[in-house]
Amino acid sequence: MNALILRILLVLLVVTKPFIAWADNQILILGDSLSAAYGLKQHQGWVQLLQDTYEEQKKPIKLINASISGETTGGALRRLEGILASHQPSHVLIELGGNDGLRGFPIPKMQQNLTALIKQSQAAGADVAVMAIRIPPNYGPRYTQMFEASFATVAEQHGAHLLPFFVEQVATDGSLMQNDNIHPNAEAQPLLRDIMAEHIDTWLAASQLSSTNADK
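Listed below in structure tokens is the structure:
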């Protein structure tokens, strides 16, 4: 009987092993209106849609959405300590900088804020991803190029995972954008969900591999 129980336990361990690898993944989304479901109901936004998908697939991944419409890197930095203390996430996704750029904020200051967000999150034990952000070209080529290069630079300097701008694939389709041509509409949200599901899976896999190599 004991041998049978042992075999059953071993089978259960093999079956559940893929889920165990995801079990501690609590992902804090620190973003702006693009992740805060601006102009929509919360259940329509990509974050909630992706959480619903994880639950349907029985993936123990929890998304903690701390995104606020209009948020800047400086505003998020002022909030971050309390959010980290409250939720203790294993991962932090920084989707910020768009409002800094749209307001013409100095790029060195934005980079400084992004660096502080990364370091503070890492100090709290979280793996960090930074999303590259793009802005309209009407701010001039020099500012736009420096702005868009900032995210890769900061991520590389501080060991954060870089994610591509997730709205780029829908932003050129007017039927998927709200009237302001800045925010994706409800029809775009399932597409953003699928894009982010792929990006997050890649990030988590890389994070797990890095953690495994570090333990060797």
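Start counting the sequence shown at 1; every next residue gets the next number (the UniProt record's numbering). For each residue, glycine too, the CB sits at the ideal point set by N, CA and C.
Less than 8 Å separating the beta-carbons of residue i and residue j?
i      : j      : result
His183 : Ser67  : no
Ile64  : Ile29  : yes
Pro190 : Leu49  : yes
Pro154 : Val170 : Inspection of the sequence shows that residue 154 is occupied by Val rather than by Pro. Result no, Cβ atoms of Val154 and Val170 do not sit closer than 8 Å.
Ile27  : Leu84  : no
How big is the Cα-Cα spacing for residue i and residue j?
i      : j      : result
Thr115 : Glu95  : 13 Å
Ser90  : Trp203 : 12 Å
Ile195 : Phe165 : 10 Å
Gly70  : Lys58  : 33 Å
Gly45  : Ala197 : 13 Å
Pro141 : Leu102 : 14 Å
Met1   : Ala188 : Model confidence at Met1 stands at a pLDDT of 46, short of 50, so the residue's coordinates are unreliable; what they give is reported in the following sentence. In a straight line, the C-alpha of Met1 is about 55 Å away from that of Ala188.
Gly82  : Pro106 : 26 Å
Ala37  : Gln178 : 12 Å
Leu176 : Thr53  : 21 Å
Val47  : Asn181 : 20 Å
Ser210 : Asp201 : 14 Å
Taking residue i as the reference, which of the options has the closest Cα?
i      : options                        : result
Ile135 : Ala160, Gly82, Gly104, Leu204  : Gly104
Asn138 : Phe147, Ala132, Ala85          : Phe147
Gly31  : Gln178, Asp100, Pro190         : Asp100
Gln120 : Leu102, Leu40, Ala160, Lys109  : Ala160
Pro108 : Ser150, Val128, Gly98          : Ser150
Ser35  : Gln51, Ser175, Leu209          : Gln51
Glu168 : Gln145, Leu192, Ser175, Asp180 : Leu192
Glu156 : Gln42, Val128, Asp201, Glu55   : Val128
Thr72  : Asn179, Gln111, Glu56, Ser210  : Gln111
Tyr143 : Gln42, Thr53, Gly98, Met177    : Gly98
Give me, in chain order, the residues of the same chain whose beta-carbon lies closer than 6 Å to that of residue i; leave out the 5 immediate sequence neighbours on both sides.
i      : result
His199 : Leu163
Gly74  : Asn113
Ala186 : Leu40, Gln44
Asp173 : none
Cutting at 8 Å between CB atoms, please list the residues of its own chain near residue i, excluding the five before and the five after it.
i      : result
Ala152 : Ala132, Leu162
Ala205 : none
Asp24  : Ser90
Phe19  : A caution first: Phe19 carries a pLDDT of 42, below 50, which makes its placement in the model unreliable, though a value can still be read off. Around Phe19: Lys58, Lys59, Pro60.
Suppose the cutoff is 7 Å on Cβ atoms and the five residues either side in sequence are ignored; what does the same chain contact list for residue i look like?
i           : result
residue 235 : Only positions 1 to 216 of the chain appear in the structure, and residue 235 is not among them; the question remains open.
His158      : Thr115, Ile118, Lys119
Gln42       : Gln48
Does the region 69-89 come close enough to the region 110-129 to have 3 or more Cβ pairs within less than 8 Å?
yes
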